[in-house]
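In what follows, a structure is listed as structure tokens, so that the remarks can point back to it.
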Amino acid sequence: MRTLRRLLQLIAMLALPAVAHAVPVDRILAIVNDDIVTENEFRSEFRRMVRELQLQGARLPGEDVLQRQVLERIIVDRLQ
């Protein structure tokens, strides 16, 4: 019984590095015609927009408002 328990502990310890290095899957946020908008793409555009507004000295809207605007902008760009 002790041997089995130790074996299971060893297996669990060996599996931990694989879990720690798991790569998150890029989620689909929107489908526009035959194209998709991914979460990574959205985050990248969101960061770019925040930097652009900060450089202009503009007052940033609330994060939820800005997120909605960025997603709408990506969708409109894809529709054109």
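Numbering (my numbering), first residue to last: 1422 to 1501.
Think of the CB as a built atom: it goes at the ideal place given N, C-alpha and C, for glycine as much as any other residue.
With 16 other Cβ atoms within 10 Å as the buried cut-off, status of residue i
{"i": "I1495", "result": "buried"}
{"i": "V1458", "result": "buried"}
Which residues DSSP lists as bridging residue i, in chain order
{"i": "T1459", "result": "I1449"}
Sub-8 Å separation of residue i and residue j beta-carbons
{"i": "E1460", "j": "D1447", "result": "yes"}
{"i": "L1481", "j": "L1492", "result": "no"}
{"i": "V1453", "j": "L1487", "result": "no"}
{"i": "F1463", "j": "L1450", "result": "yes"}
Where the alpha helix (DSSP H) through residue i begins and ends
{"i": "L1487", "result": "E1484 to L1500"}
Residue i versus residue j: straight-line alpha-carbon distance, rounded
{"i": "E1484", "j": "R1427", "result": "49 Å"}
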